[in-house]
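Engineer:
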Amino acid sequence: MTITRLYRRIDATRAYCFNIESSRTLTDQELDQLRLLLADGFLIDTVSLTPVLEGERVVEVGPRLNFATAWSSNMVSICQATGLDCVSRIERSRRYQVPEDEDMQAFIAARHDRMTECPYTEPLTTFETGIKPEPVYEVDLMGKGTDALLDLPGISMDEWDRNFYYDYFVTKHQRNPTIVEIMDLNNANSEHSRHGYFGGLQVVDGEEQEGTLFEVVKETLAPIPKVR
């Protein structure tokens, strides 16, 4: 894989950098095609092969490298639809000319989201992070019981959940779950994903209710005809 960088000015002190990953070196014709796709109003001269901002006080921030952004996915789809099948990822970073009277680190910190972005201290040559995933292993429910789930960092399951998953994996299927399965279930149980609660059966005072909470909410829209 190779990385090609194209640049587009935003204003006097800001510019975009397009980091393009391809399976081979791009031809001049392919570069011109990409310049048109990334140009402002399809004006090819708005996209440059060389940086439009340079100097010691130019900083760059962009998406973290360990996952492709939605913007990249859209651009790759456009590239493939126009015959650029060799392009596998495009990430757009931002370059800034830091004013002389501002602290560079404070400037960078104020202009990116640390959760999804990071500073690029050097021009990107690869999207590989060098981080190796943790090996998949089994969680020993069969040997340790539900206490095995308490030993896992970052797992927040109540007693009901722990007993439910023990019954599912050990009693029903006679096997240990993998850490991938447990982490997936933990995410499904989290406050950020309440499908298990709103999509599950509701028992009130020992009596099973008709319909899930999702279905109860959707029933209010049932009399409304669909607009075509």
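Residue numbers (our numbering): 12 to 239.
Yeah, the Cβ is synthetic: ideal placement off N, Cα and C, and Gly gets one too.
Since we're looking at a predicted model, the values are computed, not measured.
#1: Can you tell me which of Leu37, Val70 and Ser34 puts its alpha carbon nearest to the alpha carbon of Ala26?
#2: Check each candidate in Ala79, Val228 and Arg68 and name the one with the smallest Cα separation from Arg106.
#3: In the DSSP output, which residue or residues are listed as bridge partners for Gly73?
#4: Tell me whether Ala117 sits in a helix, a strand or coil according to DSSP, three-state version.
#5: Using 8 Å as the cut-off, can you tell me whether the stretch 108 to 126 makes contact with the stretch 52 to 63, which would need three or more C-beta pairs spanning the two stretches below that distance?
#6: So, Thr136 versus Ile31, is the Cβ gap smaller than 8 Å?
#7: With DSSP collapsed to three states, give me the class of Tyr179.
#8: For Ala79, which residues from the same chain have a beta carbon less than 6 Å from its beta carbon, with the 5 sequence-adjacent residues on both sides left out?
#9: So, helix, strand or coil for Thr36, using DSSP?
#10: Alpha carbon to alpha carbon, how far is Val87 from Gly156? Give it in angstroms, no decimals.
#11: Could you compute how far the alpha carbon of Glu128 sits from the alpha carbon of Ser104?
#12: Could you spell out the range, first to last residue, of the beta strand (DSSP E) harbouring Val98?
#13: In terms of DSSP beta bridges, what is Leu17 paired with?
#14: Can you tell me where the alpha helix (DSSP H) with Gly154 in it begins and where it stops?
#15: What first and last residue would you give for the alpha helix (DSSP H) that runs through Ser88?
#16: Using DSSP with H/G/I as helix, E/B as strand and the rest coil, what is Leu54?
#17: For Ala92, count neighbouring Cβ atoms within 10 angstroms of its own Cβ and tell me buried if that reaches 16, exposed if not.
#18: With distances taken Cα to Cα, identify the nearest neighbour of Gly66 among Gln108, Lys143 and Ile235.
#19: Comparing alpha-carbon positions, which option in Arg16, Ser34 and Tyr176 lies nearest Asp96?
#20: Considering Phe225, what are the terminal residues of the alpha helix (DSSP H) in which it resides?
#21: Per DSSP, Glu218 is paired with what?
Structural biologist: The short version:
#1: The count along the sequence shown starts at 1 and reaches residue 26 at position 15. Nearest of Leu37, Val70 and Ser34 to Ala26, Cα basis: Val70.
#2: Locating residue 106 in the sequence shown gives position 95, where the first residue counts as 1. Closest by alpha carbon: Arg68.
#3: By one-based count along the sequence shown, residue 73 stands at place 62. Cys129.
#4: On the sequence shown, position 106 is the one that residue 117 refers to. Looking at Ala117 - three-state DSSP - the assignment turns out to be helix.
#5: no
#6: Here the question's residue 136 lines up with position 125 in the sequence shown. Here the question's residue 31 lines up with position 20 in the sequence shown. No, they are not a contact pair.
#7: Taking the sequence shown and counting its residues from 1, the one referred to as residue 179 is at position 168. Of the three classes helix, strand and coil, the one that applies to Tyr179 here is helix, per DSSP.
#8: Here residue 79 corresponds to residue number 68 of the sequence shown, with the count starting at 1. Arg100.
#9: Translated into the one-based positions of the sequence shown, residue 36 becomes position 25. If DSSP states are grouped into helix, strand and coil, Thr36 belongs with coil.
#10: Residue 156 sits at position 145 when you count from the first residue of the sequence shown. Residue 87 sits at position 76 when you count from the first residue of the sequence shown. Each residue's alpha carbon lies about 47 Å from the other.
#11: Mapped onto the sequence shown, residue 128 falls at position 117. Mapped onto the sequence shown, residue 104 falls at position 93. Those two C-alpha atoms are separated by around 9 Å.
#12: Residue 98 sits at position 87 when you count from the first residue of the sequence shown. Counting along the chain, the beta strand (DSSP E) containing Val98 begins and ends at Val98 to Gln108.
#13: Within the sequence shown, the letter at position 6 stands for residue 17. Beta-bridge pairing links Leu17 to Phe29.
#14: Taking the first residue of the sequence shown as position 1, residue 154 is located at position 143. Leu152 to Lys155 is the span of the alpha helix (DSSP H), which, as asked, contains Gly154.
#15: Start at 1 with the first residue of the sequence shown, and residue 88 comes out as number 77. Ala81 to Ala92 is the span of the alpha helix (DSSP H), which, as asked, contains Ser88.
#16: Within the sequence shown, residue 54 is the residue found at index 43, counting from 1. If DSSP states are grouped into helix, strand and coil, Leu54 belongs with the strands.
#17: Indexing the sequence shown from 1 puts residue 92 at position 81. Ala92 should be labelled exposed.
#18: Residue numbering aside, residue 66 sits at position 55 when the sequence shown is read from its first letter. Taking only the C-alpha atoms, the option nearest Gly66 is Gln108.
#19: On the sequence shown, position 85 is the one that residue 96 refers to. Of the candidates Arg16, Ser34 and Tyr176, the one whose C-alpha sits nearest the C-alpha of Asp96 is Ser34.
#20: Translated into positions along the sequence shown, residue 225 becomes position 214. Element bounds for Phe225: Leu224 to Glu230.
#21: In the sequence shown, residue 218 corresponds to position 207, counting from 1. The partner list for Glu218 (beta bridge, DSSP) reads Val215.
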